[in-house]
Structures are given as structure tokens and as C-alpha cells.
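**Student:** Chains as they are written, first to last, in UniProt numbering: chain A, 1 to 402; chain B, 1 to 402; chain C, 1 to 402; chain D, 1 to 402. Glycine residues also receive a C-beta, built at the ideal position from the N, C-alpha and C atoms.
Okay, here's the thing in C-alpha cells:
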């Protein structure tokens, strides 16, 4: 919201919150209704079922909390683990850092595997750590699927293989906040015990609804905590309270109605486009962005192609240039919101989010805008080069699979 | 949401969620935007200031969480108190019960003063308990201002006087979920240290935004917990994280944008009508409802006039009648949502919420509908009697003060 | 729109515009799109087909104009008739008067049959006039189906029988602005050649879309005018221009997109409820209103039960009372919009519209409000009597047929 | 609307309808209300006043019709002129042609001055024709300000000078449908007697509201027709009916409420941005588009820079290329709606509308998309060249004046 009117649409390319399709905006425009009525379950029960599909889960249980992604993360950790439990986690960016920080603040003991920013979780090191844990003191492995800060996607399938190779029974927790609904996610195949999504990324909703998909094994872990004194889960995020009410289509406290109606429409959008098409679209837009970066003669924060994220690209600006200035200028002058570099990479990178409801020309507008903002701030790139490279790629690669 | 189309407007008379004025629905229909932009504080900073007015506070600090009322309650308890702390609380209905239950699940030691359902907090007993607590082991007094389950309003000013008379330094916590924005609330005058509101009652928004107003003394208590190991506040609800970001107009995690824009509009609505007029309107509508109940020859759950709530009336049905049947019938046949009796009064009462954005004729519709639903279920009331009594009262008593 | 905030919902009981269901409001919230795109006909072609059902027509042709009801009336007259043509019409209220006035201003020669206000078209007199017109100089019979000013419904089937009995080939034109979509309408059975509806009544949309259903015979009449010099139809309302574009799903000029999307949703609403249920609902609400009027000891403007309209009731106030004052007071004090008396009955009646998206409790609110407004203005009715009578009737008569 | 979901925003670059700002979409989402209430004029009276500013008029009278631009054109001609009246008009594109066609169908005698498509009204020829009209038989000069079909803007000030030089009393009628609210318009300075705007262009609303601004001299002409038998104005478009109701804030028939609320917000948008800034923005975006066209090595339909329109650019495709294919491909593949060539230039040009609520990056998206669609259809342009040229220009030329 600006003090004076800014003409035209905003160009939102932070890696979340993402653009909300008009039909979802419409769907959320609902009057209040009695959430304890006999009708209400006809809205909610299908939500619990259909949301699982986005996680690639068939036997998981969906929890929906009025909360941001941070809250839903807290819910997963505190329902399934006990104070002092050991967990293993890799740190390679701001969001993996914050998650580790949360675990520590919750009283968990985190074995941190530091990885270079620009890379991701290292399955081999994880396997080694698990093999070394003969007593199975490690209760969970926590992996950020898509590190939003650096534009890096970790290979969860490989992490699962490492865990299986080590024969270790730890739970597998995956932060899919900026991946679920945008990148392929296979909770069943990867045997993910707690997968976490926020509403404001691939689900194309406003922030305010946290979504967790918990495996039967994860639920069992939660139940084993349930009786304990001094358990981490207090009241608001207690899965047990939800499980008493959810199966009948109700909630232990008043649910955020617009987000439930919005979720229903978001799922309809994803299924109508087809999840395979959604994933392909994100891949094509991600690759087009990388083509533009290469044409500019710049590098991504992701160190090798295997780490490339299809939902966000972090672009390293040349030495001596302040990326923060580019970002502010893009916003003020061109109504283009780019993501900032955080922590270790603050001032060194800007990020283009290409997640959620986007198509080719929207992305090209952002690429053109980023180019203009760089030129205005002393980065010498060839005018039009980014759009030329990206558009040439996009012409050859349709968003939807045949 | 019904399986088939139900004609006309829904008549929502549960005591929350409440009707959302069209202009608030409009205000909430917003696209995503970058919540870290330079513009964003122009939305948020006035929110923190203006929300205080609804609490009757000048020196409090507002916290806004993506959460329901349950969550905001948890935030208040776990930020300011430590595991094992003693608190004093009165129980006289389902919501005061739930709050005590939460405190216990959080590991607090609750001294429960049982009061008859249909009455409220007893200042004299509170004073006695505090006087007896020579060592000041009691860290907080928790009072539900408006017990939604029984339609009872407690006298917070009298509680404060009792605390002062006892010369006790305990914090005063007040659950104002179904009162704030509807009933007079004087956080300053009553020296309330933590006052709690949900978005879906007097603030006329959907559920999903928890609002707390914490006094300087309450903040101090929170700060004194901040350094502690094993503190109750974990991450999501940590006031310290908010206080690092809020003063500049930002949040530690993605805020629920529609609810922030909605809150701005809700405050505008309240201030345009005038808080005094809002309170008077609730009183007049509450009294009209009670006139109808009297005309029906029925009793309210509130045992004496001093306990009458102006936001919800719980009506006791005659012996042998199942109030649940009346409620279901009202919903299915007349699209009228009434509140159910909970726990001790389940099946014995139905409730008419008269909270939030309502006017005379809306209430008369509900009274007419309740009458029809009673008649259809064997309660012998004189047809039209409730509307006659209520409308006669309403004709004499305008909603707005001169 | 009021200068200061008025709490609660508005109570709109003018006989149009009518309440717009939330789902239609949502459906109309659409961005602009290219109305010449290859996709566009997938929206429009079903509209042309499905709208016919509301007219009870199978072989008619639907015309959709960006216009009010007045415009669509002009379209029907000027496309099918020539300057100087004779038409026969009955006058028994303000709207039948205005239509006759329009015909005269268009240069038609109108044979006016005056009927008492409070009655409607007289089939016998129509038959007589047609029998007397040996040369078939009368080109059309114009009947207002539902005279909104007096709350009178004419019997179109009887008019058709009269025309057939007279063996007269005149076209039959019916103003169904306040009946179509609310009262049974049988364009096929009644052989109506031009039936006219506005968007803001039974179609539950804002004003701005005029809808005509023209029979094959009516179209033929239009075509016979098409070649003529000095024809009445100019450009905007020319059916010929529409017929060149409509069959392919397009329009000769830019259509009002929100109203087209709104119409799609309105038709969905009507069909989901079921037209028979819609008609029954209007009948039950109309009868409930009349029960209230009787209980008040007042009379309707409709002189005999056969003339009762199920979409609007005009209520005659006692001698010496100014109905305009009641109407203004109801609006200012209770946010209740009643219809005024027009022309001959100005100040003598007020009208309760019960058309469009309404249910029992909404109507009871209006009845309660009308009663209060009367009492406040010196009409001595028994408080609660109207609601008592109406609600007793409504309890026995469900809105939906089994 | 597409049969299956298309991801992302639509890119609408037809020269109208134009993008509707979100805040206008919100403003239009209104429930029905009584348009005869005492409150209603507080909405409408300022509309009549403020709309004049967009026309550059102080003493004009605004008429608001539920109609498209075609309808409002008809209103202007038929209120002020009589059957058989002579009018002078230039034809140089599809819309000037259609207007002449309308005048002829209305029974006016049109002296047509043919100008080459790609040029505009020729003040010198107009002056000559008026000088030759010694008897002042010519009652009006009709000029299309902005010929949407060819992207040509005529110089209305020069036309006025020509009329004054000829000392001819004819009325001056200007079609400003695709200019008013986007290009400088000076109804006072140019002494325009009837200026016409549609809601779906510079006013950023859906189609459905026709707006005319009539000078005192124009009104006088209308009044001189008022008494006549067989006048052109019938009922719907009769200015006299409006003038009876408008000054008090009412309408002769039900107005389209969402469009009135939308107009209020649209005016607020224009005034907040500042009309000078709005005009400058259109100029800068127009020039950027032309820079892109030049970089592609293509020509605009406008034959010389003086004719360049700042709201739409018609681009001539190379011989042998079918522009219609490019347009269809742009829509189907890239969700980019371009304008088609009409009539004489069908298949030879495609048009980029740059009118209404647009900013730089939106335009660059369209330029990138047009380039891709051309490349996909065999037009050999250098990839990225259009965006490079346009963006370089845009970097140097801010949308808002200092």
C-alpha cells in the first residue's frame, strides 16, 4: 500500500507471498457462518482429503492451523518430539538456520551439519551421522526442501535413501513451505513423516493458514507424547485437540473461514491445471530465469545446477554493488518487489521468486524490471539481453506438458 | 455452506463469528504485496496505535498474531508467566473453564474459584484469596470478562478494586474475546495487564487474527521471562520476536494481509459510529432480547440482572424440551444460527448472540425465528410476543446516543 | 450510502432493485477481458440458451442489452413496430402508464383501456376491442404482467385466450420486469411475442442489463421492419445488429462483463433452487405479507385476491396518515427501504417488495419494521400482530415444495 | 474465460476494455440499495460535478446512461439534431466510419470527408467545407478524437480553430471514447458541445456506463428539439428526462449502482495520480511502444508522428504475414490480448492498447509477448530488441512528472 496511487498492477516477485488468482480472491469473499452447523463438514471434510494430494500423500493426516509457516513448523516439532530430544539438521541458508534456531529454542538438541550456502542437504553426511548414531538417539532428521534464501532445492528422495541405507528409524521432517504445490513432492515415496506448507506460496492464498501433513509414523510419535507431563505441545498447536474434532469436519476453535474457502478453490486451481503441469510450469519459468541470469553474465547463488530451485533464483550482484539498492529502486521506481539477500548474503544477492500463479509474460516483466533496476544502479548488463534469452527459451518450452 | 442453494441471507446469531460489514469484506479483498517493502509500515503502524483505543488503553502495546482467540490467550500466559506459577481464576462457564484448562496444560498452578454458572467473578472472594496470599505467590488473576457460554458479564472494575484493596501485585489478565469492541472496556482505568480479543467478534472480521493489549507491567513480566531457560513462550507466540519488528511496522513472519486491511476498516467503522454508540447499541439490543425472553415467559441463564451480557443471551428452555433440537431446527428450517448450550447447560439453553454489526430489524428477525423454532418444537410461547416486546422497547430506545 | 456509518445490514424491501446473493456478488467481481477472444463464446452462448428457461420459452431468442428495463422496453417496441402503428394497452398503475407513455412518445397510437388501480388487464375488454378491430389495425397488445405500483398481477394466460378467442393476429407484448424469475411465466404457453425483464428484480443482479425474449413471430415482425426507411429502431437497440453477432457468442459493442458473469451465476442460483421452488417461495412470502396486513386491520391496494401480486404488496394507510412519512421514517430510523406510492396513490400507500433473494426471517424483519414505522407515525396497529400472523402462516407453509 | 485454467494474470492490451484497478473492483462490489432514498444524492451529486473535470469542462452537464459507448453516441446525436440535419464528419478508420454510419441510420445527412487511414481529421478541409456552407445548413461537426482502429489522434483544438476561422455556428461533437481520461481533453478550451466517453477505457471501469458532457450550447440545441414531434430522441436516451431527475441526485430509471460507485473510485484514482501525470504516463508508455516498433524495424499505421496516439499503437506487419494469426497465437499461447486490425486494415495490423491503468513493466510484458508471437509466426525481429528499446526509453522518462 502506497501513500499515493501507483498506476497499474504490482509486480510481486518475492518468493512468497505470491499472487492470488482472481478466482481465489473471489472464493475468499465470504460472510461469516456458523462453523458448528450441520452443513459445515461438507466444506471441510473434502479439504482434509484433497490437500493430501498436493503433498503426494495417501495415508497422511492433514492439520490446518490459523497460523503462518512458523507456527505450523512449531506444531510439527512440539507434537512429535520431547524436550532434550536429538535431531539432525543441515544449515545452508537463512530458513534452515531459523528452523534450527526454533528447534533449539524449543529445547531440542540439534546436531547441525553446516553446508556451504548455495548448496543443500548432503545425503552422504546425513547417512554417516545416522550410522554413527548406534543408539538411535537422533529422533528426527529435519531438511528444508527448498531454501528460499539462496534458491536451492535439496534432494529429499536422496535423503530418504540415506536414512534407509543407515537403517535408522528417525523421523523425517521436511520444510516444504516454498516447494509444496510448486515442486514435485512425494510424501509417500520419500516417507516424509512431517511435511509443512504455508498458504502463501504454492497454495496461492494469503498468509494465515499453516498446513501440515503427518504420516502414520509421525502421528504415532505424537501420540506417544500425548500423555507426558511437560510436553512441548501446549494447547493451540496440539494435534490431539484437532484429531478429536477434524474427522467430523470441525475444529477445536473458530477456523479462518476465508482461508478454508480459498483453500478449496486453490486445490481446484491446482487440479484443473494438473499437478504435473504446475510442476513443469515452475521448472520452465525457473529455467527461463536462469537463462536471463546467464545472459546478463551473472551467477546464481546456487553453486551448481543440481541445486537450482524452480521457485526462486538468488542472483549474485557484482562486487561493489549493493543489491539492497537495486531492490529498493525496483520497488520504488518500477513497482517490482524482489526478494532481498538475508544474513550471510545480505546486500550481495537479490532474488526473483517464480512461485505460484505466474505465466511467461509476467516473468518477462520481472526480468525486464530487474534489468532496468540493475542498469539504473550501475550494473552493466546489455539492455534486453535477459528478456531475449528467457523469451527464446520460453518460446521453445511450453508451460503445460502435452 | 449448504449442499443446495438456500435463498436469502443467513441469519447468524451465534455469539461469534459475527456478521462482516460489506465494507470490511471489500477492504479484505486484497492482492498479495511485499510485507517487507518501504510502504508497508504506512498500513501497520497506525494499526498498532489505533487498536489500543478499542481496549481503552493509551500506554499498552498491541500484539497481532495470525491465530484464533485460543492462540492469543496462549500467547499472553506463556510470555508473562513461568511453569509452576500460581494464578487465580474463577470458573462459571465453558470459556472460563477452557481458559483454566489451558493454564493447567501450560503447567501453571490454578487456584480455581467455582462460581455458579449464571453468575460471574466474585470480587469479594478474589480479594479474600489475595489477602490470604501473603507471600504473593499468586502471579496473576485471570477473569473472563464476558462468559459467552452463559451470557454473563463480570465486573472487571470491581475485580480491580478488590485487587487494589488487597494490596496484591498480581497481574490482571482479562479475556475480552466476546466483549472488546462491543462492551465498554477500560484497560487503563482497570489496570488490565493482558487483555485479549479475537478478530471474529466485536472487531467484525473473520477469525484468524488474535489481538492482545499488554500493559507496561505486563511487558515487564514478559521481559523478566525472556532470558530464562525452559520458558513457556517458544517461538511462534514469542512477544520478544514481535517487539523487534513491530515498532518499525514489520512482523517476524508473513502477516495475514487481508486481516490487517480488514482491521484497518473495522477500526474505521467503530470510530465512525463512535465507541460510545457501539456500546449503547449493544446494550439496547441486549435489553431488547431480554424483553423478548421475558415476554415468552422464559428465563435467561444469567441469574440476576447484574450479570446480563449485552453481547449474548442464553435462554433456558422449559424442562423436557431439548434445546439442541430447537437450534438444529432453526438452522435447517429458517437459516437461523443460534448458539448451543455447552457442557453443564448443553440441551438446556440456546443462545442468541447480539454482538458485532447488527441493527434492530436483524435482531427482530432472530427473535421471530427463535420463537418459530420454539413453537415448532413444543415450547408454548405466544406467537409474536417476543417481537412485540422487543420492538416496543426498541422504538423507545434508539441505538445511537444523541 | 449514508454520510455516517449505519450499523448492520440494510433491509431492502423496495420492489427492486433486490438483494444480490453473495455468490452473485462474487461472480461479478471480474477483471476485464477481451470480449472478442476465442474463449468468450464459452461464456455467452450458454447464457443465450439458459436465459430462455426463465421465460418459459424454448423457441424464443434472447437479447441482452447494456440498459435498464426502460431501454429494453424501448428495444421491443421500436424493433417490431412502425411509427403510427396501433397498439392496445390497459392502464392500471404507474408502470403500465409509463409504458403507454413510451409507446406514445415513440409515435405509436395507443388504444388505452383504463382499469381501476388495484385491478389489472381485463381479458374480456381486450377480447372485445380485438373483435371490434376487423381490419387488424391493432398490431400489438401490451400488458404489464405485474404492476409494481399497486401490487397487482394480471392473468397473461387469460389475455392470450382472449386474443385467440377473438382470432386476432396482434403480437402479445408482456412487461415482466417485476415478475420474470419470480412468478410463473410461460412464454411458450401464452405465446408471448416479446417478454421483457430487467436484471435487478428476479434475476437478483444490479440494474444495467436489459433482457428480452422474442418469439419467432416477434422476430419476423422485427425483420419486416428491418428494411424500412425511418424505422423506429435506430442503432443501439437494433436487434439486427445483435443477431449478426450473438449466434457466434459476440456482441456488436462492448458488453458489460460483470453482468454477464453475474447472469450466469443468477441462472445457476435459480436452477439450483428450482424454478418451481422459486415461484412457491414468492407465493408463500407474498401470502405471509398479506396475512400481516390483515392482522394490522389494513387493506392492500389490490382490490381482490385474484389481483394479489406475489412480488410486491401495496398497503393502504388509514385516512389522514401520510404514507411518505412512514417510508422516510422506516429508512432513517430502521434502515428499512419500503416502496413509495406513486402518482394516483402517492402518500396513500407504502409498498413491501418481496421479490428476489429473500427468506422468511428477512421478511419478518421487514414486517416488524413496517409495524414500528407505522406505530411511530400514528397508525394504531397491535404491536407484534403482523409478525404473529405472518410467522404462523410461514410455520405451516415451507418455502420449498417437497 | 477459458475452458481450463490458465495460470497467471491475463495480459490485456486491447485498446479497451482496460484493466480495472483492484480498488475499483472493490468499490463496485456493492449490495443493492434504494436509489430513491434520501441518502442517495450524496453519492450521485458529486459524481455529476467531478466527472466534468475529466472532460476539461466547467460549465458542461454530465449525463450518465446505463449503456455502452455506442449508446451514449446515439444519445448525443438524437437529442441535439433533427432528422435530415446535415453534419460534417471525417472518416479515417473503423470507428469514425461506424459513427458516420450511425448518423446515417439516424436519418442525418452526413457530408463525409474521406481521409487516408493512418491520418486524422483535416482542419483545413473542415474549414473549407464550413466556409462553403454559407447557409449554415451544417448543424454539427463530428470528430473522432482518437481513432482506435489505426492509433491516430486528431487535433481537436485545430478543428475548433478551423470552425472559428470559418465563423460557422455548427456544434462540435467529439468522440472521446478512447481518449477521455487518458489524453489531454479540453472541452472548455476547444468549445466541445458534446463529448462522449465510455466507462471501459480511461475511466478503468467495466463497460456499461456511457458518459456525455454537453455544453450549454449543446443543451440549448437539445431543448430546441424537445418540443418537436417525431424527434430523434425517444425515451431511454432522452436528456430531458434525465434533467428532470439528475439535479436532485436521482435518475428516471434504476441506475447501475456498481458502476456509479466504481466511477466515484475511478475519479478518485485519476485525481490522486493527477490528470497531468495520467496524461504524461500515457504519453511515455505510447512513446515506449513506438520505440519498440522502430527497434523491430516495423511501421505504425499512423503515417506521421503528428498522428501518433498515446493510447493505442497499430503496428503494420510485413507483407505476407497474417496479423490475425499473430493475435490469435498471442492470446492462446501467451495469454496476451492484442487488438485486431479492422476493416481496411484487417490482417495487416495488430494493435497494442496502452490505455488505462498500466505501468512500465506491464507494457514491457506485452512488448515481449508481441515479439514472441511475431517470431513464432515468421516475422523476423531481433529477440529482445523491442524490450531493449522501450526499456531504455522508460528508464530515462518517468511516468509521473516531477
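Give me the Cβ distance between residue 17 of chain D and residue 206 of chain D, rounded to the nearest whole Å; I'm assuming they're in contact under 8 Å.
**Tutor:** Taking the fourth chain and counting its residues from 1, one reaches residue 17 of chain D at position 17. Taking the fourth chain and counting its residues from 1, one reaches residue 206 of chain D at position 206. Going by Cβ atoms, the distance from residue 17 of chain D to residue 206 of chain D rounds to 7 Å, so yes, they are a contact pair.
**Student:** Go ahead and pull the three-state DSSP assignment for residue 204 of chain D.
**Tutor:** Taking the first residue of the fourth chain as position 1, residue 204 of chain D is located at position 204. In this structure, residue 204 of chain D counts as coil in the three-state DSSP scheme.
**Student:** Can we say the segment 282-299 of chain B touches the segment 346-356 of chain B, given the rule of at least three CB pairs closer than 8 Å?
**Tutor:** Yes: the two stretches touch, three or more of their Cβ pairs being nearer than 8 Å.
**Student:** The segment 29-51 of chain D: which residues have C-beta closer than 8 Å to a C-beta of chain B, in chain order?
**Tutor:** Residues 29, 30, 31.
**Student:** Any C-beta of chain A within less than 7 Å: which residues of the segment 104-115 of chain B qualify?
**Tutor:** Flagged, chain order: 105, 106, 107.
**Student:** Which runs of the beta strand (DSSP E) at least 3 residues long sit entirely within the segment 275-334 of chain B? Give them in chain order.
**Tutor:** As far as the segment 275-334 of chain B is concerned, its whole beta strand (DSSP E) runs of at least 3 residues are 312-316.
**Student:** So, with DSSP's three-state summary, where would you put residue 139 of chain D?
**Tutor:** As a first step, residue 139 of chain D is located in the fourth chain; it is residue number 139 there, counting from the start. Residue 139 of chain D: strand per DSSP, three-state reduction.
**Student:** I'd like the list of long-range same chain contacts for residue 327 of chain C, defined as Cβ closer than 7 Å, with 5 residues on each side in sequence excluded.
**Tutor:** Taking the third chain and counting its residues from 1, the one referred to as residue 327 of chain C is at position 327. These residues qualify, in order along the chain: 338, 340, 350.
**Student:** Between the segment 65-77 of chain A and the segment 93-106 of chain A, do three or more beta carbon pairs fall short of 8 Å?
**Tutor:** Because the criterion of three Cβ pairs below 8 Å is met, the segment 65-77 of chain A and the segment 93-106 of chain A touch.
**Student:** Helix, strand or coil for residue 190 of chain B? Go by DSSP, reduced to three states.
**Tutor:** Locating residue 190 of chain B in the second chain gives position 190, where the first residue counts as 1. Three-state result, residue 190 of chain B: coil.
**Student:** Can you give me the C-alpha to C-alpha distance between residue 97 of chain B and residue 91 of chain B, rounded to a whole angstrom?
**Tutor:** As a working mapping, residue 97 of chain B is identified with position 97 in the second chain. As a working mapping, residue 91 of chain B is identified with position 91 in the second chain. If I take the Cα positions, the gap works out to 6 Å.
**Student:** Cα-Cα, which of D:147, D:194, D:152, D:183 is closest to residue 170 of chain D?
**Tutor:** Counting from 1 along the fourth chain, the entry for residue 170 of chain D is found at position 170. Here the closest residue by C-alpha is D:194.
**Student:** So the candidates are D:182, D:259, D:86; which of them puts its Cα closest to the Cα of residue 29 of chain C?
**Tutor:** Locating residue 29 of chain C in the third chain gives position 29, counting from the first residue. The shortest Cα separation from residue 29 of chain C among D:182, D:259, D:86 belongs to D:259.
**Student:** At a CB-CB cut-off below 7 Å, which residues of chain A make contact with residue 360 of chain D?
**Tutor:** The residue given as residue 360 of chain D occupies position 360 in the fourth chain. Here the neighbours are 334.
**Student:** Tell me which residues of the segment 170-187 of chain B have at least one Cβ-Cβ distance to chain C shorter than 8 Å, keeping chain order.
**Tutor:** Answer set for the segment 170-187 of chain B: empty.
**Student:** Within 10 angstroms of the Cβ of residue 136 of chain A, are there 16 or more other Cβ atoms? Answer buried if so, exposed if not.
**Tutor:** Working through the first chain from its first residue, we reach residue 136 of chain A at position 136. Answer is exposed; the Cβ neighbour count stays below 16.
**Student:** Within 8 Å, do at least three Cβ pairs link the segment 32-42 of chain A to the segment 5-16 of chain B?
**Tutor:** As far as the Cβ criterion goes, the segment 5-16 of chain B touches the segment 32-42 of chain A, which means the pair count is three or higher.
**Student:** What residues in its chain sit with their C-beta under 7 Å from that of residue 324 of chain C, if we drop five residues either side in the sequence?
**Tutor:** In the third chain, residue 324 of chain C corresponds to position 324, counting from 1. Correct list, in chain order: 340, 347.
**Student:** If you follow the alpha helix (DSSP H) that residue 258 of chain C is in, where does it begin and where does it stop?
**Tutor:** Position 258 of the third chain, counted from the start, is the residue given in the question as residue 258 of chain C. Taken as a continuous stretch (DSSP letters only), the alpha helix (DSSP H) holding residue 258 of chain C covers 257-273.
**Student:** If residue 209 of chain A sits next to residue 191 of chain A, beta carbons under 8 Å apart, how far is it from one beta carbon to the other, in whole angstroms?
**Tutor:** Residue numbering aside, residue 209 of chain A sits at position 209 when the first chain is read from its first letter. Residue numbering aside, residue 191 of chain A sits at position 191 when the first chain is read from its first letter. About 25 Å separates the two Cβ atoms, so there is no contact after all.
**Student:** Of the residues A:378, A:89, A:107, which one's Cα is nearest the Cα of residue 143 of chain A?
**Tutor:** Walking along the first chain from the start, residue 143 of chain A turns up at place 143. Nearest option by C-alpha distance: A:89.
**Student:** Of the residues that make up the segment 11-22 of chain A, which ones have a beta carbon closer than 8 Å to any beta carbon in chain B?
**Tutor:** If the cut-off is 8 Å between Cβ atoms, the segment 11-22 of chain A has 12, 14, 16, 17, 18, 19, 20 near chain B.
**Student:** Starting from residue 225 of chain B, find everything on chain A with Cβ-Cβ shorter than 7 Å and list it in chain order.
**Tutor:** Here residue 225 of chain B refers to the residue found at position 225 when the second chain is read from its first residue. Here the premise fails: no neighbours, minimum Cβ distance about 13 Å.
**Student:** When you compare only the Cα positions, how much space is there between residue 106 of chain B and residue 81 of chain B?
**Tutor:** Stepping through the second chain from its first residue, residue 106 of chain B is reached at position 106. Stepping through the second chain from its first residue, residue 81 of chain B is reached at position 81. In a straight line, the C-alpha of residue 106 of chain B is about 10 Å away from that of residue 81 of chain B.
**Student:** Find out if the Cβ-Cβ distance for the pair residue 123 of chain D, residue 67 of chain D is shorter than 7 Å.
**Tutor:** Numbered from its first residue, the fourth chain carries residue 123 of chain D at position 123. Numbered from its first residue, the fourth chain carries residue 67 of chain D at position 67. Taking 7 Å as the Cβ cut-off, residue 123 of chain D and residue 67 of chain D do not qualify as a contacting pair.
**Student:** Is there a Cβ of chain D sitting closer than 7 Å to that of residue 231 of chain B, yes or no?
**Tutor:** Reading the second chain from its first residue, position 231 is the one you call residue 231 of chain B. Residue 231 of chain B does not count as touching chain D.
**Student:** Contact between the segment 52-65 of chain B and the segment 178-189 of chain B: three or more CB pairs below 8 Å?
**Tutor:** The segment 52-65 of chain B is in contact with the segment 178-189 of chain B.
**Student:** Closer than 9 Å by beta-carbon distance: list the chain C residues that pair up with residue 199 of chain B, in chain order.
**Tutor:** Within the second chain, numbered from 1, the residue matching residue 199 of chain B stands at position 199. Those do not exist, as residue 199 of chain B stays about 18 Å from chain C at its closest Cβ, beyond 9 Å.
**Student:** For residue 113 of chain C, name the three-state secondary structure that DSSP assigns.
**Tutor:** Translated into the one-based positions of the third chain, residue 113 of chain C becomes position 113. Note: residue 113 of chain C maps to strand in three-state DSSP.
**Student:** Spell out whether any CB of chain C is found under 7 Å from the CB atom of residue 26 of chain A.
**Tutor:** The residue labelled residue 26 of chain A in the question sits at position 26 within the first chain. True, the Cβ-Cβ gap to chain C drops below 7 Å.
**Student:** Please list, in chain order, the chain A residues whose beta carbon lies closer than 8 Å to that of residue 78 of chain B.
**Tutor:** Walking along the second chain from the start, residue 78 of chain B turns up at place 78. Residues of chain A passing the Cβ test: 234.
**Student:** Could you list the residues in the segment 382-399 of chain C with a C-beta less than 9 Å from some C-beta on chain B, going in chain order?
**Tutor:** Answer set for the segment 382-399 of chain C: 382, 383, 384, 385, 386, 387, 388, 389, 390, 391, 392, 394, 395, 398, 399.
**Student:** Check the Cβ of residue 70 of chain D against every Cβ in chain A and list those closer than 7 Å, keeping chain order.
**Tutor:** Position 70 of the fourth chain, counted from the first residue, corresponds to residue 70 of chain D. Residues of chain A passing the Cβ test: none, with the nearest at roughly 28 Å.
**Student:** Got a sec, what are the start and stop residues for the beta strand (DSSP E) residue 395 of chain A sits in?
**Tutor:** The residue given as residue 395 of chain A occupies position 395 in the first chain. Residue 395 of chain A -> not in any beta strand (DSSP E); alpha helix (DSSP H) instead, spanning 385-396.
**Student:** List the residues of chain B that residue 102 of chain A touches, going by C-beta distances under 8 Å, in chain order.
**Tutor:** For the purposes of this step, residue 102 of chain A is identified with residue 102 of the first chain, where counting begins at 1. Simply 234, 235.
**Student:** Rounded C-beta distance between residue 400 of chain B and residue 277 of chain B? I'm assuming under 8 Å.
**Tutor:** Along the second chain, read from residue 1 onward, the residue named residue 400 of chain B stands at position 400. Along the second chain, read from residue 1 onward, the residue named residue 277 of chain B stands at position 277. Right, their Cβ atoms sit about 5 Å apart.
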